[in-house]
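So the structure is just underneath, and the comments pick up after that.
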Amino acid sequence: LFIYFCFAETGTRWKDYILVTLLLSAIIGCWYAYQQNKNAKRHLRRMAQDMEGLQRAEQSLQEMQKELERARMEQENVATEKMDLERRLKEAPTLSSSSSDLEVQKLKKEIEILRTELSRAEIELVDNCWTPPPQLQSWLQYTYELESKNHLKKRIAAEKQLQSAREACEKLRKKRSSLVGAFVSTHGKSIDDVDRSIVEARNSLGEVTNELQERLHRWKQIENCLGFNIVNNNGLQYLENVLYSRNGGSSVGSNKGSRGRITSSSDDLDDESVQGKPNFDHFNLFSTE
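Using UniProt numbering, read the sequence shown as starting at 1 and increasing by one per residue.
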């Protein structure tokens, strides 16, 4: 201490000023790094919450897809049972006398039920005095398939956006785990961009899910009103060939250009569907420290 004060009295106080300045700079730098680290952790927690919401939206969309497949299976089962019943009714007059009485009674009951339904349908037709045109079912099925392609295109775009958000989160997590992560993330720009991409991807998935719910409800109501199948059909290519092959003469020439445009747009959608095959992977949410 004596030596220190001796040097201080000889005019070396500027060294003390430098030492104090360096000490204050180190304290300020540590405080700044601590604040930035805390802000980065807060952003990461917010992104983790957004990712959880995104995962819930993905699960909701998967459930809607399963519901759609289950509805199609039910319609196919109903159509199969109907065809089997019609076949059995046609074969009923040719049954041999050795057929069991139980089977005959069962067929009679089924015939009676069909007669009752037929009578009720005739009464409704008389009351309504309107019958759907024969081609209405084909055109509605064609419209449903075009909507399905458009929905598939939106779903693929949402999945691509979801995948890019997931990759951005993974890159940010790796960057945060590095030694200089606290200083690299001080700007906060990359964190905000990733957070924004997560929110946009979640909104896109929610929009696709809501659209799927609306389409299921709407087409079920249309089927109930008209009394024939729309969702369960022979496919877009078959319907397009059937609908446009019915037009003859000058109508073929007038519809040739429109059919070409529809086919071209459908091919473009098919290419995007193949390239962006739906792939729902489970998210591995990173943990924040």
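For each residue, glycine too, the CB sits at the ideal point set by N, CA and C.
Could you spell out the range, first to last residue, of the alpha helix (DSSP H) harbouring residue i?
| i | result |
| --- | --- |
| V231 | Counting along the chain, V231 falls outside any alpha helix (DSSP H), and DSSP gives it neither H nor E. |
| Q135 | Per DSSP, Q135 belongs to no alpha helix (DSSP H) and is neither H nor E. |
| G235 | No alpha helix (DSSP H) holds G235; DSSP gives it neither H nor E. |
| T12 | Note, T12: premise wrong, no alpha helix (DSSP H); not H, not E. |
Count the other CB atoms within 10 Å of the CB of residue i; is the residue buried (16 or more) or exposed (fewer)?
| i | result |
| --- | --- |
| K15 | exposed |
| S258 | Because S258 sits at a pLDDT of 48, beneath the cut-off of 50, its placement in the model cannot be relied upon, and the point is left open. |
| C169 | buried |
| Y51 | The question names Tyr, yet the displayed sequence has Met at residue 51. By the neighbour-count rule (16 or more Cβ atoms within 10 Å), M51 is buried. |
| T116 | exposed |
| V78 | exposed |
| R196 | exposed |
| I18 | exposed |
| I123 | exposed |
| S264 | Here the model assigns S264 a pLDDT of 47, short of 50, so the residue's position is not dependable, and the following value carries that caveat. Exposed, because fewer than 16 other Cβ atoms sit within 10 Å of the Cβ of S264. |
| V208 | buried |
| L118 | exposed |
| L23 | exposed |
| L136 | exposed |
| I27 | exposed |
| R13 | exposed |
| I198 | buried |
| L239 | buried |
| L162 | buried |
| L102 | exposed |
| L114 | exposed |
| W31 | exposed |
Among residues of its own chain, excluding the 5 on either side of residue i, which ones have a beta-carbon nearer than 7 Å to its beta-carbon?
| i | result |
| --- | --- |
| D267 | Low confidence applies to D267: its pLDDT is 49, below 50, so where it sits in the model is not reliable, and the reading given next is rough at best. So no residue of the chain qualifies. |
| S190 | L172 |
| A121 | none |
Taking the alpha carbon of residue i as the point to measure from, which residue in the options has its own alpha carbon closest?
| i | options | result |
| --- | --- | --- |
| residue 291 | K175, L140 and G206 | Examination of residue 291 is not possible in this model, given that the chain is present from 1 through 289 alone. |
| N234 | L162, N39, T143 and D193 | T143 |
| P133 | G227, Q237, I28 and N37 | G227 |
| R88 | D101, K106, Q75 and E76 | K106 |
| S177 | L22, L44, W31 and I27 | L44 |
| I156 | L61, A33, C30 and Q49 | L61 |
| N232 | L102, I111 and E74 | E74 |
| residue 290 | E200, E86 and N241 | What the structure shows of the chain is the stretch from 1 to 289, and residue 290 is not part of that stretch, so it cannot be assessed. |
Verify the CB distance criterion: does residue i have a CB-CB separation below 7 Å to chain D?
| i | result |
| --- | --- |
| D84 | The chain inventory of the structure shown lacks chain D, comprising one protein chain alone. |
Which same chain residues end up closer than 6 Å to residue i when comparing Cβ atoms and leaving out the 5 residues on each side of it in sequence?
| i | result |
| --- | --- |
| W139 | none |
| A57 | R202, L205 and G206 |
| L212 | M64 |
| A71 | none |
For residue i, collect the residues of the same chain with a Cβ closer than 8 Å to its Cβ; drop the 5 residues on either side in sequence, then sort them by chain order.
| i | result |
| --- | --- |
| V194 | M47, A165, A168, C169 and L172 |
| E67 | L216 |
| I222 | L140 and I230 |
Quick one: is the Cβ of residue i within less than 6 Å of any heavy atom of the ligand HEM?
| i | result |
| --- | --- |
| E223 | The ligand HEM is not part of the structure shown, which contains no ligands of any sort. |
> If we count Cβ pairs, one from each stretch, closer than 8 Å, do we get three or more for the region 80-88 versus the region 217-227?
Replying inline: no
> When the Cβ atoms of the region 144-152 are set against those of the region 28-48, are three or more pairs found closer than 8 Å?
Replying inline: no
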